[in-house]
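Q: Below is a structure I'd like to ask you about.
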Amino acid sequence: MSFGLRNAPSTFQRFITEVLSGLDFVFPYLDDVLIASSSEEEHEKHVKLVFGRFQQYGLRINLAKSVMGADQVEYLGYLITSEGSRPLPEKVEDAAKTQAPLHDLLKRAKKKDNRKVPWTENTVKNFEQCKSELAKAALLSFPKSGVPLSLCCDASDFAIGSVL
Numbered sequence: 011m012s013f014g015l016r017n018a019p020s021t022f023q024r025f026i027t028e029v030l031s032g033l034d035f036v037f038p039y040l041d042d043v044l045i046a047s048s049s050e051e052e053h054e055k056h057v058k059l060v061f062g063r064f065q066q067y068g069l070r071i072n073l074a075k076s077v078m079g080a081d082q083v084e085y086l087g088y089l090i091t092s093e094g095s096r097p098l099p100e101k102v103e104d105a106a107k108t109q110a111p112l113h114d115l116l117k118r119a120k121k122k123d124n125r126k127v128p129w130t131e132n133t134v135k136n137f138e139q140c141k142s143e144l145a146k147a148a149l150l151s152f153p154k155s156g157v158p159l160s161l162c163c164d165a166s167d168f169a170i171g172s173v174l
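Just so you know, we're using the working numbering here: the sequence shown kicks off at 11 and counts up by one.
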């Protein structure tokens, strides 16, 4: 499918989601398909199921661009391992190189607020600390099966946030 057409990505996403429906170990995003397995034997079965679906729908796989049986993989800007996911180092480096005063970022965050943001010594210190914490980006671990989850949400006129 040519992705030059405006609605091609959404059409293909709908199609690949349909092709792989019912396979809860597969995470498709356009032409990137992640297969998550807990053992080599299970992975072999999962890959055969996915290949079978692709064959059933007449899809081909570019083996030169494929990574199979790896214990870690880059997927959608993240490094995915059996322990969890973290942003790719080059993505974190880009954030760490961001310079103040971040006019475009602040403009979006303060759409109707015309007050100036004072760049004091304390503001600069806090900004640098945020960049430092981003550079140390923590590993996001996968939820443990059978353990209850709690979702906390809050919102105001200016922001929205949630924690799982």
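Glycine residues also receive a C-beta, built at the ideal position from the N, C-alpha and C atoms.
I'd like to check one pair, E50 with G79: are the Cβ atoms closer than 8 Å?
A: Yes. Within cutoff.
Q: Apart from the five residues just before and just after V29, which ones in its own chain have a Cβ nearer than 6 Å to its Cβ?
A: R63, Y67.
Q: Give the single residue among E54, L174, I26 whose Cα lies nearest to the Cα of L150.
A: When each option's Cα is compared against that of L150, the closest is L174.
Q: Going by the CB atoms, is the gap between F35 and I45 shorter than 8 Å?
A: A contact, by the Cβ cut-off of 8 Å.
Q: Using only alpha-carbon positions, find the residue among C162, D167, Q65 that is nearest to D123.
A: Of the listed residues, the one whose Cα sits closest to D123 is D167.
Q: Using the three-state DSSP reduction, which class does E138 fall into: helix, strand or coil?
A: Residue state, collapsed to three classes: helix.
Q: State the CB to CB distance for the pair L33 and L59, rounded to an integer number of angstroms; the pair is presumed to be in contact (CB under 8 Å).
A: 6 Å between Cβ atoms; contact.
Q: Taking A106 and L159 to be in contact with their CB atoms under 8 Å, please state how far apart those CB atoms are, rounded to whole angstroms.
A: At roughly 31 Å, the Cβ-Cβ gap does not stay under 8 Å, so A106 and L159 are not in contact.
Q: Specify the secondary structure class of I90 as computed by DSSP and reduced to three states.
A: Three-state result, I90: strand.
Q: Considering just the uninterrupted stretch of the alpha helix (DSSP H) at D104, what are its terminal residues?
A: Here the alpha helix (DSSP H) through D104 covers 99-106.
Q: Helix, strand or coil, according to DSSP, for P19 in the structure here?
A: Correct three-state label for P19: helix.
Q: Once you ignore the five residues that flank Q109 on each side, which residues in its own chain have a CB closer than 6 Å to its CB?
A: Closer than 6 Å at Cβ, skipping near neighbours: no residue.
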